[in-house]
Ligand code: PLP
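Residue numbers (the working numbering): 24 to 312.
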């Protein structure tokens, strides 16, 4: 079956799914995106993803390309047409197509909307979680507005490639004071010797992950103590457990950071328990197919 993408009002075979060379997403990375998990044909935590999307658009003064209900229909239709049962749906909105000029087009142009969906190998992800992943640390060289889920991701791309080059899965970004901000495409967490779960506050320096938001609830129901505060690389290396969160990885245990084994060097039991329980707390939409 050939994959289908939604582009500005049309569902197209992927080979025909293109945007204009003067799209501001291409020219300036002037756009935002969202990635939402699809599980057993249902959208996970759609409400939170759409709320964050509206916030990102507002912060960049990009007009929503369509009302929320219409966008919800496009997401579902893209999932349905691609027959995705377990995977992700991706959406990108840019400021649109205009003659190349740094300032916003005036009058504004129609924003570009692209939606794609693809299956993820559920069993493979579970095997990865059972093994745990390896992480490296790199300096955080991003702009200060990382709270906006913008498509300006070059520092994240370079960090992820540095990880790949060193046989790691994720890069943890470290700020000028030696504190971990987050992963290149995930939020970063550690669990201390006395079972306190530590993650950086979402007010500055990180993207407020939807998975992170939902996991705060899971942590509370497990009776674990949460500390929202910055942590150093040294503290992470001495942690009992570590893990990352994102919509596509849920809770992914980290077993090595910069070559040092974390805890026993195996996925931690608390991280695995949080992973197991996550979807009991997530908002699961109606099945699409
Ligand atoms: N932080 C960054 C930089 C990300 O790119 C992502 C996801 O892509 C996350 C955190 C996790 O966000 P979410 O849980 O909403 O997928």
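Glycine included, each C-beta is placed from N, C-alpha and C at the ideal position.
At a threshold of 8 angstroms, does residue 147 count as lining the ligand PLP (C-beta to nearest heavy atom)? As a first step, residue 147 must be located in the chain shown, where it is residue number 124. Flag unset: Cβ of residue 147 not near the ligand PLP.
Which listed residue (57, 27, 293) has its alpha carbon closest to that of residue 170: Stepping through the chain shown from its first residue, residue 170 is reached at position 147. Measuring from the Cα of residue 170, the nearest candidate turns out to be 57.
Please classify residue 254: is it buried, with 16 or more other beta-carbons within 10 angstroms of its beta-carbon, or exposed? As a working note, residue 254 is residue 231 in the chain shown. Classification for residue 254: buried.
Short check: CB of residue 68 to CB of residue 270, under 9 angstroms? Against the chain shown, residue 68 aligns to sequence position 45. Against the chain shown, residue 270 aligns to sequence position 247. It is a contact, given that the beta carbons lie within the stated cut-off.
Let me make sure I understand the geometry here. Which of 287, 291, 234, 167 has the alpha-carbon closest to that of residue 305? Taking the first residue of the chain shown as position 1, residue 305 is located at position 282. The candidate whose alpha carbon is nearest that of residue 305 is 234.
Heavy atom of the ligand PLP within 8 angstroms of residue 270 beta-carbon: Taking the chain shown and counting its residues from 1, one reaches residue 270 at position 247. Yes, the Cβ of residue 270 comes within 8 angstroms of a heavy atom of the ligand PLP.
I'd like to check one pair, residue 259 with residue 280: are the Cβ atoms closer than 9 angstroms? Counted from its first residue, the chain shown places residue 280 at position 257. Counted from its first residue, the chain shown places residue 259 at position 236. Cβ atoms of residue 280 and residue 259: closer than 9 angstroms.
Hey, could you find the ends of the beta strand (DSSP E) residue 279 is sitting in? The residue given as residue 279 occupies position 256 in the chain shown. Residues 273 to 280.
Which runs of the alpha helix (DSSP H), 4 residues or longer, sit entirely within the region 44 to 79? For the region 44 to 79, whole alpha helix (DSSP H) runs of length 4 or above, ordered along the chain, are 47 to 51.
Out of curiosity, what's the CA-to-CA distance linking residue 39 and residue 247? Within the chain shown, numbered from 1, the residue matching residue 39 stands at position 16. Within the chain shown, numbered from 1, the residue matching residue 247 stands at position 224. Using only the alpha carbons, I get a separation of about 50 angstroms.
So, at 6 angstroms on beta carbons, what are the nonlocal neighbours of residue 195 in its own chain, with the 5 sequence-adjacent residues on each side left out? For the purposes of this step, residue 195 is identified with residue 172 of the chain shown, where counting begins at 1. Cβ within range, chain order: 158, 160, 203, 206, 211.
Write down the C-beta distance between residue 293 and residue 218 rounded to the nearest angstrom, noting that I regard them as a contact closer than 8 angstroms. Translated into positions along the chain shown, residue 293 becomes position 270. Translated into positions along the chain shown, residue 218 becomes position 195. That belief holds up - the Cβ atoms of residue 293 and residue 218 are roughly 7 angstroms apart, short of 8 angstroms.
Comparing C-alpha positions only, which one of 250, 199, 116, 183 sits nearest to residue 75? Residue numbering aside, residue 75 sits at position 52 when the chain shown is read from its first letter. If we check each option's Cα against that of residue 75, 116 comes out closest.
Going by the CB atoms, is the gap between residue 44 and residue 35 shorter than 9 angstroms? Here residue 35 refers to the residue found at position 12 when the chain shown is read from its first residue. Here residue 44 refers to the residue found at position 21 when the chain shown is read from its first residue. In this structure, residue 44 does not lie closer than 9 angstroms to residue 35 by Cβ.
Is residue 213 closer than 9 angstroms to residue 262 when the C-beta atoms are compared? Here residue 262 is taken as the residue at index 239 of the chain shown, counted from 1. Here residue 213 is taken as the residue at index 190 of the chain shown, counted from 1. The beta carbons of residue 262 and residue 213 sit closer together than 9 angstroms.
Do residue 49 and residue 97 have their CB atoms nearer than 9 angstroms? Within the chain shown, the letter at position 26 stands for residue 49. Within the chain shown, the letter at position 74 stands for residue 97. Going by C-beta atoms, residue 49 is not nearer than 9 angstroms to residue 97.
If the criterion is Cβ atoms closer than 9 angstroms, does the pair residue 42 and residue 173 meet it? Residue 42 sits at position 19 when you count from the first residue of the chain shown. Residue 173 sits at position 150 when you count from the first residue of the chain shown. No, the Cβ-Cβ distance between residue 42 and residue 173 is not below 9 angstroms.
Within the present structure, is the beta-carbon of residue 234 separated from the nearest heavy atom of the ligand PLP by less than 8 angstroms? Working through the chain shown from its first residue, we reach residue 234 at position 211. Indeed, a heavy atom of the ligand PLP lies less than 8 angstroms from the Cβ.
For residue 79, verify whether its CB is less than 8 angstroms away from any heavy atom of the ligand PLP. To locate residue 79, count along the chain shown from 1; it is residue 56. Every heavy atom of the ligand PLP is 8 angstroms or more from the Cβ of residue 79, so no.
Which of helix, strand or coil DSSP assigns to residue 310: If you number the chain shown from 1, residue 310 lands on position 287. The answer is strand: DSSP assigns residue 310 an E or B state.
Contacts around residue 224, its chain only, beta-carbon distance under 8 angstroms, and the 5 residues preceding and following it disregarded: On the chain shown, residue 224 is found 201 positions in, with the first residue counted as 1. These residues qualify, in order along the chain: 251, 252, 253.
Who are the near neighbours of residue 95 in its chain, counting only those whose CB is closer than 8 angstroms to its CB and skipping five residues on each side? On the chain shown, residue 95 is found 72 positions in, with the first residue counted as 1. Within the same chain, residue 95 has close Cβ partners 69, 73.
Given residue 86, which residues of its chain have a CB within under 7 angstroms of its CB, disregarding the five upstream and five downstream residues? Counting from one through the chain shown, the residue named residue 86 turns up at place 63. The answer, listed in chain order, is 131, 134.
On the premise that residue 141 lies in contact with residue 105, defined as a C-beta separation below 8 angstroms, what is that separation, rounded to the nearest angstrom? Counting from one through the chain shown, the residue named residue 105 turns up at place 82. Counting from one through the chain shown, the residue named residue 141 turns up at place 118. Residue 105 to residue 141, Cβ: 7 angstroms. Contact.
What first and last residue would you give for the alpha helix (DSSP H) that runs through residue 145? As a working note, residue 145 is residue 122 in the chain shown. First-last of the alpha helix (DSSP H) with residue 145: 145 to 154.
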